[in-house]
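Going by this note's numbering, the first residue of the sequence shown is number 1399, and it counts up by one from there. Beta carbons: idealized from backbone N, C-alpha and C, even for Gly.
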Amino acid sequence: SISNIFVDASFAAMSIDLGSQYLKMGVIKQGSPMEIVLNKESRRKTPTLIGMRNGERFFSEPAAQLSLRFPKSVFIHINDVLGKDEGHVLVDEYRKRFPHAPLVAAENGTLFFTDGSTEYSPETLLAMILQNAKAETEAHAGQSVDDVVIAIPPFLTQRERIAIKRAAKIAGLKVLQLLHTGSAAAISWGAFHRKEIDGKTHTMLIYDMGATHITATVAQFYTDDKKETKMKIIGTGYDRSIGGLEMSRRMREHLRERWEKAEKTENPLKDNPRGMAKLMAEAERVKQVLSANTEILSQVEALHEDKNLRLKVTRDELEKLVADMVDRFTPPVDDALKMAGLTIEGLDEVVLMGAATRMPLVQKTLQAHVKRDLGRFLNTDEAIAMGALFQSAHLSKGFKVKPLPIEETVLFPIQAEFSSVDESGSPVARQSALFPFTSVYPSPNPRAISFKSYRDDFEFTVSYGNLEHLNERQRSEFAERELVKVGVSDMKNAVEELKEGDEWKETKVGFTIDKSGIVRVKSAEVVINRPRGAMEALKDSITGMFSKAEEEKGEGESEEEGGEKEKGEGEQVKEEEKKEDKKEEEKKEEEEKATEAKDEKKEVKEEEKKEEEPKKHNSTVIVKDGIARVKLSLSKERLDKANTDENDLKETQKILDGFARAERVKREREAAENELEALAFDTSLLLDEESFTKMATEKERTKIETLVKETRAWLEDEAGVETPTEEFKTKRRALVKAVEVVKKRIQEKKDAPEIMKELKAVIPKAKVIVANVEEKDEDLKGDIKKVIEDVEKWVEKNDKEVADNEDLSYSVLEARLKEDRVREAAKSLKRKIEKRRKEEERKKKKEEEELKKKEEEEKKKNEGEEKKEGEETKEELKRIVSELDDIAIKVSDGRINDEVLYHLRVSDR
């Protein structure tokens, strides 16, 4: 459950479902569950558009409203032309849908949107939209948010993916992953239904019809040997030129044609950008209403030439308009199943996503095709954003989430193209598959290509592979098949490493696909067989252990490899297919996330490198088994026109920073203007209140009236967008100062009677305290008597009536201080008396203790003397007893005489 996510207090993460028409944002932070972000208008989805007018930017709903008034000032569906050039089939489709869009092309085909004075690339505008999404999320979360997972359609090309990541970087976001929308939707279900998957395989097809495209994703959930739930995308189908927007466009044209037949106009409606924008908005509304109702009254006020539109439209009309589109609703499902190697019977569920799937015709067509009930348990608007947010929490270092590992499959195969020679020595073009169709990514180990014949620096090309699994329309959407020209240099260094007995084995170039589906050229090296004697082999093995460690600590360019079996020229190597230790595959979650973060950072850095990287001399690494590896340098030149220039990125960042500064200045100026205007208005109301005017002198009233009049006139006639913020603040300070004189007098006279009453009451109380002081404490009354006398004189002098518009001869603060002085003097007298009494008690107690001590000493002395006498008596008795013993002896002998009788008498005594 969501409660299983634990958060570091200093972190937050977000997600963006980057739709063509709307985007949704999710956020998670400390102490809060995952949630959808509400924008400034308190809506859960935000239009993906931006407006530019008079140097000011508009986002979200304000931009949508601006598009109805000034359609050429608002740039819409930017994603549809991102990463494309003039002449692209999808750009032609865009112009058909939006004939008045301010989209222009440079001589080289590069596309720009223009506001009439400045041109902006789609990447720049997308960066602005993402920057606004970041700001909205931070305002909602109450803290900064940098980490993001962006949900994108699975059919985006390498160029489009790179453009989105660059736009996000410009916006100040750290992209943890570009996650496919179908995968995100699947995560939103699988992450919270693990118990339903436990011990079995669950296969789900997610059908998503959005504004501009259809995707079908086959997701398979299963439990591994360790009873951990995992997910694999095993099939994908798509149509990127059909969706709800095309339905709305057709409805727009239908309404236009019907209205033009009924209304005679001087100019065609289609030539009116504002009218066409209004009609497009109405067509969108009509389409949505007809998804739930069979008919609707369509109305647009002042559509064109001050004429209104009022037409009844039925669901049947809409379905007839899109009848030729129906055949394109289901092929993505068939393509996804074919890629997955499944039939419809192999699915456990078919789930609907996307706003356009609410249309009854879409549901009816799809249900007839799959011959089963359609699930609607995923939130159409929010499931993708929530799934991407779960993944963002998983990848962000500040969260601990029970992972749901994902495996994606390659939709567009990638290959390497290079020149080689045949057995006769003739040049021949070759291709080698790098990431074939349906291969899995991201892979924990890169793949490599082996080149055997090259001894000098060489080049090869990375391109899309065989696209025969796509239909003709889909293949036409690939304007460029070639992606990157890769240059391998520093081969001379490798030749110089050759020693007697060495055998040049091969040149290896490593590749990988990152989590965002972007192909990376990772590293290049020459592999040399270097036979060694027994002792040298032992030495090399030990050295290689340390060299390998050093290599791994470097830029991550070396990879462990599988078997060193002989390979042909350009043959692909799957590195480490059979791992020596399975524990490497099952690392702890924290270690895995740390590695992912490190790789992501490294990938971003590599993406931003200049086309020509500086060459470096690399040292030879000697490894065990007599293999020497020499690192080579790589250069990369984009052939698909993907912009990876760091300087361009910085320039775009300057554009955004400039807008941010201007908007901050504008906000401050508007706030200062609003404050001044509000103050002038409030002050004018005060001048109409007798309670205020009677407390002001004639001079003060005149001054305030003059300032109010001058300020309001200045605001109406002179102040404008160019007026400095400080000028508003200066005028406000002057008006505040004039008004505060009277307001202070009003407040003083309001508070004065009460405080004077309290002061008069405290003086008699203080006198009572003085009168009750005992005669022996007379010497302590001097200070309080003087205070009372001074305060009484002050009261007598200042407690007088004055005119309403005159100031009191004293301040309320002064009166309070006088009262405090009397109270403090009384408290001080009490403290002094208490102190004296305590001193007296301490003195008395000390005397009593001394007397008691003396008595105890006398008592001890007497007891000592008595004790001494008792000891003497005791000794005398002992002597007598001894004598009696002698007498007893004599008695026993019969010798009783006068002496015995004497002693008897003594004993008796």
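In terms of Cβ geometry, S1471 and L1464 form a close pair [threshold 8 Å].
Secondary structure note for K1593: its alpha helix (DSSP H) is the uninterrupted segment 1592-1595.
Shortest Cα-Cα distance from D1596 to any of E2103, T1627, A1781 involves T1627. Counting every other CB atom within 10 Å of its CB across the protein chains shown gives T1444 a total of 16 or more, marking it as buried. Nearest neighbour of L1688 by Cα position, chosen from K1705, K1662, P1842, E1717, turns out to be E1717. The continuous beta strand (DSSP E) containing Q1829 extends over residues 1825-1833. Collapsing the DSSP output to three states places M1602 in a strand. Between M1751 and L1787, the beta carbon gap of about 16 Å keeps them out of contact (Cβ cut-off 8 Å).
Judged by DSSP in its simplified three-state form, L2211 adopts helix.
Counting along the chain, the unbroken alpha helix (DSSP H) around F2090 starts and ends at 2088-2091. For H1767, the secondary structure class from DSSP, reduced to helix, strand or coil, is helix. A direct Cα-to-Cα measurement between T1610 and R1638 gives close to 6 Å. A straight-line Cα-Cα distance of about 13 Å links M1674 and E1699. In this structure, F1468 is the residue among L1488, F1468, P1758 with its C-alpha nearest to the C-alpha of H1498. Remark: C-beta atoms of V1882 and V1860 approach each other more closely than 8 Å.
Collapsing the DSSP output to three states places T1859 in a strand. Take the alpha-carbon of V1884 and the one of S1830: they are about 14 Å apart. Considered as a whole, the region 1454-1501 harbours 1458-1467, 1487-1495 as its complete alpha helix (DSSP H) runs of no fewer than 4 residues, in chain order. Secondary structure at D1637: strand, using DSSP grouped into helix, strand and coil. Counted as a single uninterrupted DSSP element, the stretch harbouring G1908 is not any alpha helix (DSSP H) but the beta strand (DSSP E) occupying residues 1901-1911. Shortest Cα-Cα distance from F1833 to any of E2035, T1910, P1730, M1723 involves T1910. Per the Cβ contact rule, the region 1551-1566 is not in contact with the region 2076-2088 (fewer than 3 Cβ pairs under 8 Å). DSSP places E1433 in the strand class (E or B) of the three-state scheme. Following the DSSP letters along the chain, one finds V2185 inside the alpha helix (DSSP H) bounded by residues 2180-2196. Between G1863 and Q1813, the beta carbon gap of about 4 Å places them in contact (Cβ cut-off 8 Å).
A direct Cα-to-Cα measurement between F2057 and E1454 gives close to 8 Å.
As the crow flies, the alpha-carbon of R1879 is around 10 Å from that of R1873. Counted as a single uninterrupted DSSP element, the beta strand (DSSP E) harbouring H1702 occupies residues 1693-1702.
Its chain contains N2196 as the residues whose beta carbon lies nearer than 7 Å to that of Y2208, once the 5 sequence neighbours on both sides are disregarded; these appear in chain order. Close CB contacts of S1794 within its chain, under the 7 Å cut and outside five residues either way in sequence, are with F1409, A1411, D1545, L1574 (chain order). Beta-carbon to beta-carbon, I1804 and V1925 are separated by about 34 Å, too far to satisfy the 8 Å threshold. In the DSSP assignment, F2079 falls within the alpha helix (DSSP H) that extends over 2044-2084. A1566 is positioned such that its CB atom lies no closer than 8 Å to that of L1509.
Here DSSP, grouped into helix, strand and coil, assigns N1869 to coil. Counting along the chain, no beta strand (DSSP E) covers R1442, and no H or E run does either.
DSSP lists V1749 as the beta-bridge partner residues of G1773.
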